[in-house]
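In the numbering used here, the protein residues as written are 7 to 202.
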């Protein structure tokens, strides 16, 4: 299988530093729009409380993930904070068959990889209000050690330097405003009247 979907239809890529509210925004878009479908990423990281295999992520053992890489079955993949994350070409093809536009929730490293490919992307970078707010959100999650949070903040500092590489940048300092900004972008790119 090639490292790209067979169709050249649009793919929405939303990226952000961890803790920027990307998941919340994507969930809001999926509730309000009938033209999008969530692309379930694959990962080697353990599931967090409440996460479901096949809904939030495809949770794969490292050996299986590496076999999928060797077979060329990922549109992109990256190693982030000691775990692999990737976008399966089969997942994108499944969404295209449903006559929907895939929306990818993807880390900055993986999104930058996609920008270099010949794909029809709508690329959106979600900016947190500040690094201090980002730290507060990560601490509030209570899923990582202080050392892991410090690593994520260092990574976020680097990732914010790449925001200008993306077509659109949306500040997430107010949830409803950020959702409205995203809807406006998608109406422009995908056509008006798709939100419900």
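Just so it is clear, CB atoms sit at the ideal spot from N, CA and C, and this is done for glycine as well.
DSSP state of residue i, grouped into three classes?
i           : result
residue 42  : strand
residue 24  : coil
residue 144 : helix
residue 49  : strand
residue 17  : strand
Using only the alpha-carbon positions, how far apart do residue i and residue j sit?
i           : j           : result
residue 102 : residue 15  : 8 Å
residue 112 : residue 71  : 16 Å
residue 108 : residue 117 : 14 Å
residue 183 : residue 46  : 26 Å
residue 18  : residue 48  : 17 Å
residue 79  : residue 94  : 6 Å
residue 178 : residue 68  : 33 Å
Tell me where the beta strand (DSSP E) around residue i begins and ends.
i           : result
residue 158 : Premise fails: residue 158 lies in the alpha helix (DSSP H), 152 to 166, not in any beta strand (DSSP E).
residue 127 : 127 to 133
Quick one: is the Cβ of residue i within less than 7 Å of any heavy atom of the ligand MG?
i          : result
residue 19 : In terms of ligand content, the structure shown is empty, and the ligand MG therefore cannot be addressed.
Segments assigned alpha helix (DSSP H), at least 4 residues, entirely inside the region 169 to 201
181 to 196
Quick one: complete beta strand (DSSP E) runs, 3+ long, within the region 63 to 122?
63 to 65, 80 to 86, 89 to 94, 107 to 112
With a cut-off of 8 Å, do at least 3 Cβ pairs link the region 127 to 140 to the region 35 to 44?
no
Between the region 139 to 146 and the region 156 to 175, do three or more beta carbon pairs fall short of 8 Å?
yes
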